[in-house]
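Quick notes on the structure that follows.
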Amino acid sequence: MKAISFAAVYVIWLREMKKFIRNKSRIIGNTAMPFFFLAFLGTGLRTSVNIAGLPAGLNYLDFLAPGIVGMVLLFSSMFAGISVLWDKQFGFLKEIMVAPVSRVSIVLGRIVAGITTGMIQAVLILMIAVLFLGVHMPDIPGLFYLLAFIVLISVSFVGLGISFASRMRDMHGFQLIMNFLIMPLFLLSGAFFTITSLPGWLSALAHINPLMYGVDGLRTALIGFGQLPIIIDFAVLLAFAVAMISLGTYLFKKTEIY
Amino acid sequence: MNVIEIDKLTKDFNGLRAVDGISFSVKEGEIFGLLGPNGAGKTTTINMLATMLMPTSGTAKVCGIDVRQDQDSVRRYIGIVFQDPALDDQLTGEENLDFHARMYGMESKIRKKRIDNVLEIVELKDRAKDIVSKYSGGMRRRLEIARGLMHYPKVLFLDEPTLGLDAQTRRVIWNYILKLNKRENITIILTTHYMEEADYLCNRVAIIDHGKILAIGMPSKLKKLVGEDMISLSTYDNMKLKKVMAKMKWIRNMKLHDNFLDIYTESGEKRIPIIIREAESNGIEVKSVNLRKPTLEDVFLHYTGKTIREHEASSPDRLRQHIRIRHRKTW
Chain A
6 MKAISFAAVY VIWLREMKKF IRNKSRIIGN TAMPFFFLAF LGTGLRTSVN
56 IAGLPAGLNY LDFLAPGIVG MVLLFSSMFA GISVLWDKQF GFLKEIMVAP
106 VSRVSIVLGR IVAGITTGMI QAVLILMIAV LFLGVHMPDI PGLFYLLAFI
156 VLISVSFVGL GISFASRMRD MHGFQLIMNF LIMPLFLLSG AFFTITSLPG
206 WLSALAHINP LMYGVDGLRT ALIGFGQLPI IIDFAVLLAF AVAMISLGTY
256 LFKKTEIY
Chain B
93 MNVIEIDKLT KDFNGLRAVD GISFSVKEGE IFGLLGPNGA GKTTTINMLA
143 TMLMPTSGTA KVCGIDVRQD QDSVRRYIGI VFQDPALDDQ LTGEENLDFH
193 ARMYGMESKI RKKRIDNVLE IVELKDRAKD IVSKYSGGMR RRLEIARGLM
243 HYPKVLFLDE PTLGLDAQTR RVIWNYILKL NKRENITIIL TTHYMEEADY
293 LCNRVAIIDH GKILAIGMPS KLKKLVGEDM ISLSTYDNMK LKKVMAKMKW
343 IRNMKLHDNF LDIYTESGEK RIPIIIREAE SNGIEVKSVN LRKPTLEDVF
393 LHYTGKTIRE HEASSPDRLR QHIRIRHRKT W
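The listed protein sequences derive, respectively, from chains A and B. Just so you know, we're using the working numbering here: the first sequence kicks off at 6 and counts up by one. Just so you know, we're using the working numbering here: the second sequence kicks off at 93 and counts up by one.
Below, the structure written as structure tokens:
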């Protein structure tokens with residue numbers, strides 16, 4: 006295995022940051038949708054539906070907020086991974102691949118960039134939620150847990166995105182991934198409702214959803230309410246993250262470019 | 093010293109032979125051209141030299157290093173401008189160069205100097221801070237050439253450097269290529285299917301078709317091999333002139349047709365004054381003289397039986413299509 010070049014990791018990260026900051030409409034768009042989910046759907050459900058399994062006194066908005074953070078991370082990370090495909094289509098990947106740099110460094114640069122953009126967007130939506138919607142503010146140890154889960158969720162889905170991007174030739178398959186992977190992952194993550202109240206088959210599906218452990222961990226970190234012990238959330242997500250980095254790196258190495 | 097050494101290099105794509113056992117070498121400082129129609133195997137050859145494709149068999153060495161064995165070292169020695177654009181058009185020109193320099197591990201001080209330096213060569217200094225999406229096609233090509241130079245490569249590969257550019261921009265790019273070959277003393281390998289491009293730029297060309305090299309050498313020598321110069325004269329008495337000229341030993345052949353007398357010979361430009369003198373001393377007034385030298389097109393025609401344009405029209409190119417389909421599957 007060839008060494009990791011930190012200069013390469015840095016410059017790939019730097020490029021993504023420049024593009025992220027320049028693309029203001031993307032930041033606004035990526036923040037507006039989760040905000041609407043929280044403000045409209047959250048407020049609406051809170052006043053009209055009784056969610057089973059919620060402890061007495063727990064505000065539904067507080068319950069929903071970690072789920073929405075999970076959603077932001079899922080979308081931004083998958084997007085960060087799949088954007089490798091844009092480079093492929095617009096030819097820039099050739100420039101990257103012909104450089105004397107190990108493939109691992111390239112994947113790592115992408116992942117670090119995905120973590121950064123994910124974190125910026127998660128913090129942004131969380132700040133809006135706390136300031137404008139009166140969502141519960143986490144305490145200091147909670148913030149550390151929060152950070153750990155943000156990183157793990159980002160790494161996992163950037164890795165998954167890179168895996169897909171390495172196997173795809175163009176953007177045609179993106180819609181399929183959106184409908185058959187990203188949306189089910191999100192809807193079954195327990196962002197909107199408690200997992201314990203689900204019927205057996207759906208509960209089983211939710212339990213194989215890695216994002217469920219992510220959202221549960223985020224929720225424990227933010228409001229101290231979780232359905233699984235945080236250590237289990239952490240362990241499952243860590244294993245998934247490692248698996249996704251490995252898969253992403255493996256498939257990316259096999260990409261042929263010319 | 094040979095910068096490139098290729099021996100019986102072969103590349104198969106799913107049973108189709110794209111490059112068929114070619115061998116050649118390129119000396120330091122040369123501008124070497126691979127000339128052939130689309131799908132002849134030019135880009136495949138370059139991609140193997142640039143470590144983007146693994147050869148099926150045979151060897152290829154860049155600066156003495158085998159492309160199979162030490163890809164990272166080969167990559168340091170080469171710069172490449174791909175056939176299709178490979179810039180990030182959401183970054184500025186300068187940022188594209190900076191990205192490249194950092195990927196090649198260049199230090200901050202050298203990096204900044206070199207960016208200025210290469211931008212100066214391609215005269216893009218005043219546009220350095222503009223986003224690339226605002227650049228014209230010619231400017232993008234120039235930026236890519238500049239980028240290929242950034243890390244002081246020993247060899248620069250240019251894959252169809254002027255494809256899709258207008259005639260004027262093409263000239264400009266040609267002059268940059270000649271300039272940097274001199275100024276940076278860099279070896280250049282280019283592929284092209286434009287005869288005049290190969291003729292204007294290359295010290296030596298290899299004519300390649302169906303994955304095989306048909307001829308290799310200096311353009312002038314290749315042209316001499318396939319034919320002589322033709323001097324076409326129009327005078328008031330072509331018949332008489334033909335008789336007068338019959339005694340000249342250097343004339344290979346003469347033909348009378350329409351209102352012209354065609355004289356075939358070597359170094360036609362040196363013979364024209366002699367012909368005119370002879371004509372005038374025999375009282376024959378010359379109306380017009382036209383010298384036609386054989387072109388690389390004639391060389392190509394000689395070796396393949398077709399001109400390069402006929403080639404492209406007649407064969408929609410099985411191989412290229414095949415490779416495209418293959419891409420679709422693997423990507």
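Beta carbons are placed, not taken as given, at the ideal position from N, Cα and C, and that holds for glycine.
With a cut-off of 8 Å on Cβ pairs, the region 234-252 of chain B is in contact with the region 168-187 of chain B, counting three or more such pairs. With its beta carbon less than 8 Å from one in chain B, Phe97 of chain A belongs to the interface.
Excluding residues up to 5 positions away in sequence, Ala110, Val111, Thr136, Met140, Leu145, Pro147, Thr148 lie with their Cβ nearer than 7 Å to the Cβ of Lys103 of chain B in the same chain.
For Pro105 of chain A, the nearest beta carbon of chain B is closer than 8 Å to its own beta carbon. Note that the C-beta distance between Ile116 of chain A and Val89 of chain A is not below 8 Å. For Asn345 of chain B, the uninterrupted beta strand (DSSP E) run begins and ends at 345-349, by DSSP. When the beta-carbon positions are compared, Asp350 of chain B and Ala132 of chain B stay at least 8 Å from each other.
Among the CB atoms of chain B, none fall inside 8 Å of the CB of Ala8 of chain A. Look at the region 18-41 of chain A: the residues with a C-beta under 9 Å from a C-beta of chain B are Leu19, Arg20, Lys23, Lys24, Arg27, Asn28.
Residue environment analysis places Glu199 of chain B among the exposed positions, since fewer than 16 neighbouring C-beta atoms fall within 10 angstroms of its C-beta. Residue B:Met310 holds the alpha-carbon nearest to the alpha-carbon of Leu388 of chain B among B:Leu325, B:Met310, B:Ser359. Taking C-beta separations shorter than 6 Å and ignoring five residues to either side along the sequence, the partners of Ser168 of chain A in its chain run Leu252, Gly253, Leu256, following chain order. The C-beta distance from Ile200 of chain A to Ala211 of chain A rounds to 5 Å, short enough to fall under 8 Å.
Not flagged as an interface residue toward chain B: Val89 of chain A, since no C-beta distance is shorter than 8 Å. Think of a sphere of 9 Å around the beta carbon of Glu186 of chain B: no beta carbon from chain A falls inside it, the nearest being about 12 Å out. Within 10 angstroms of the beta-carbon of Met195 of chain B lie 16 or more other beta-carbons, which makes it buried.
Under the Cβ distance rule, Pro177 of chain B counts among the residues neighbouring chain A, one pair being separated by less than 8 Å.
Here Ala246 of chain A has Leu157, Val160, Ser161 as same chain residues with Cβ atoms under 6 Å from its own Cβ, once five neighbours each way along the sequence are excluded.
Taken in chain order, the complete alpha helix (DSSP H) segments of 4 residues or longer contained in the region 311-375 of chain B are 311-318, 330-337, 360-373. In this structure the region 207-222 of chain B touches the region 266-278 of chain B; the number of beta carbon pairs closer than 8 Å is three or more. Across the structure, Tyr150 of chain A and Leu223 of chain A are spaced so that their CA atoms are roughly 7 Å apart. Along the region 192-223 of chain B, the positions whose C-beta sits under 8 Å from a C-beta of chain A are His192, Arg194, Met195, Tyr196, Gly197, read in chain order. Between the C-alpha atoms of Asn214 of chain A and Val220 of chain A there is a straight-line separation of about 10 Å.
Only those residues of the region 144-162 of chain B whose C-beta falls short of 9 Å from the nearest C-beta of chain A are listed: Met144, Leu145. Among the bridge pairs identified by DSSP, Lys274 of chain B is matched with none. Here Ala13 of chain A is buried: its Cβ has 16 or more other Cβ atoms, across all protein chains shown, within 10 Å. Contact annotation, Lys246 of chain B with Tyr169 of chain B: C-beta distance approximately 5 Å; criterion of less than 8 Å satisfied.
C-alpha of Lys258 of chain A to C-alpha of Gly185 of chain B: approximately 28 Å in a straight line. In this structure, the CA atom of Lys93 of chain A is about 34 Å from the CA atom of Phe239 of chain A.
By the neighbour-count definition (other C-beta atoms within 10 Å, threshold 16), Lys134 of chain B is a buried residue. Shortest Cα-Cα distance from Arg51 of chain A to any of A:Ile250, A:Ile125, A:Phe68 involves A:Phe68.
Under DSSP, Phe116 of chain B takes part in a beta bridge, and its partners are B:Ile98. Close to Leu183 of chain B, with beta-carbon spacing below 8 Å, are these residues of chain A in chain order: Arg20, Lys23, Lys24. When secondary structure is reduced to three states using DSSP, Thr199 of chain A falls in the coil class, being assigned neither helix nor strand. If you look at Ser149 of chain B, you'll find it in the beta strand (DSSP E) that goes 149-154. With a cutoff of 8 Å on beta-carbon distance, Ile172 of chain B and Leu189 of chain B are scored as not near each other.
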